[in-house]
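Working notes for the structure below.
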């Protein structure tokens, strides 16, 4: 049951000031209160919580374990309250810290080049960009937006499609000269593959057989934590890899990587989405602005592979 007789945000603010400034007297001066008034507020807070937050000595104040945990939460809550007030007062102009999580290849090729223009348009936004191929929990990691390539798990997250890219199995000319070019998916058992160090929603590589799609994959010779590492392993001749065409298109056109098993490729596409938490409350202006910006500027429109008359592959 809510306690309307307690100004909990004021208690938090006083507590944070005491910790930040290192004493009751300093906090009292900053807050224009008396030292005894500050001491009473802290005592009331500790009584209400049933935990000692600050160890007091004549020379200094130190936080207890409970006090340290409460301080970290209080700083975050007060910051969010201040940001909410600023947004409401300014007509919800984009401002504040924005945390974006994205896989490494897509982030390097399609997100990073857009960041300067976005920040120039919204100078009051501070961006934290985290590049990783590991699927994160947005709530646990406190991320505002995650950009994901591939099938999405059923969840309460909202998804906005940014584009589509085909997937292709590739190897280097030297690798194929050494191990041979697989003619059917069954041949993959005699090859070496590049897998992942993290779980994927789809376990194997999909191939079309008649009107059915089945999965096959070579035994992994190496595993990569992200798509760029997998690309570099493939370029080094370690094994075959299944990668996004938006990522390795230039390698294919240059001949550094060669597509294989294309006649079995099931028109294999993976959608690219921006996902975010959006059901419980209106989106912060900074989140909406970044998603709209991505939708406006990202250009990944289902590129396809075609073989030219000279036998070389082209991305169309």
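Numbering (the working numbering), first residue to last: 1 to 316. Every residue, glycine too, gets a C-beta built ideally from N, C-alpha and C. Just so you know, these numbers come straight off a predicted model, no measurement behind them.
At least 8 Å separates the beta-carbon of residue 189 from that of residue 225. Under DSSP, residue 161 shares a beta bridge with 273. Straight across, the Cα-Cα distance linking residue 289 with residue 150 is about 24 Å. Contact between residue 95 and residue 124 holds, since their C-beta atoms are separated by about 4 Å, short of 8 Å.
In the DSSP assignment, the residues bridged to residue 306 are 314. Contact between the region 261 to 268 and the region 160 to 180 is established, with three or more Cβ pairs separated by less than 8 Å.
Counted as a single uninterrupted DSSP element, the alpha helix (DSSP H) harbouring residue 116 occupies residues 115 to 121. Ranking 147, 222, 237 and 214 by CA distance to the CA of residue 179 puts 237 first. The C-alpha of residue 250 lies about 32 Å from the C-alpha of residue 137.
Spatial neighbours of residue 130 in its own chain (CB-CB distance under 6 Å, excluding positions within 5 residues in sequence) are listed in chain order as 101. In terms of CA proximity to residue 147, 272 leads the group 62, 217, 272 and 20.
Note on residue 67: 16 or more other CB atoms within 10 angstroms of its CB, so buried under the neighbour-count rule.
Contact check for residue 287 against residue 133 fails: the beta carbons are separated by 8 Å or more.
Between residue 265 and residue 192, the beta carbon gap of about 20 Å keeps them out of contact (Cβ cut-off 8 Å). Taking all protein chains shown into account, residue 254 has fewer than 16 neighbouring C-beta atoms within 10 Å of its C-beta and is therefore exposed.
DSSP, reduced to helix, strand and coil, places residue 195 within a strand of the structure shown. In the three-state scheme derived from DSSP, where H, G and I count as helix and E and B as strand, residue 112 is classed as helix. When DSSP states are grouped into helix, strand and coil, residue 97 belongs to the strand group. Ranked by how close their Cα comes to the Cα of residue 108, the residues 229, 313 and 305 have 229 in first place.
Assigned with DSSP and collapsed to three states, residue 174 falls in helix. Across the structure, residue 313 and residue 256 are spaced so that their CA atoms are roughly 11 Å apart. Beta-bridge annotation (DSSP): residue 27 is not paired with any residue. A straight-line Cα-Cα distance of about 55 Å links residue 51 and residue 219.
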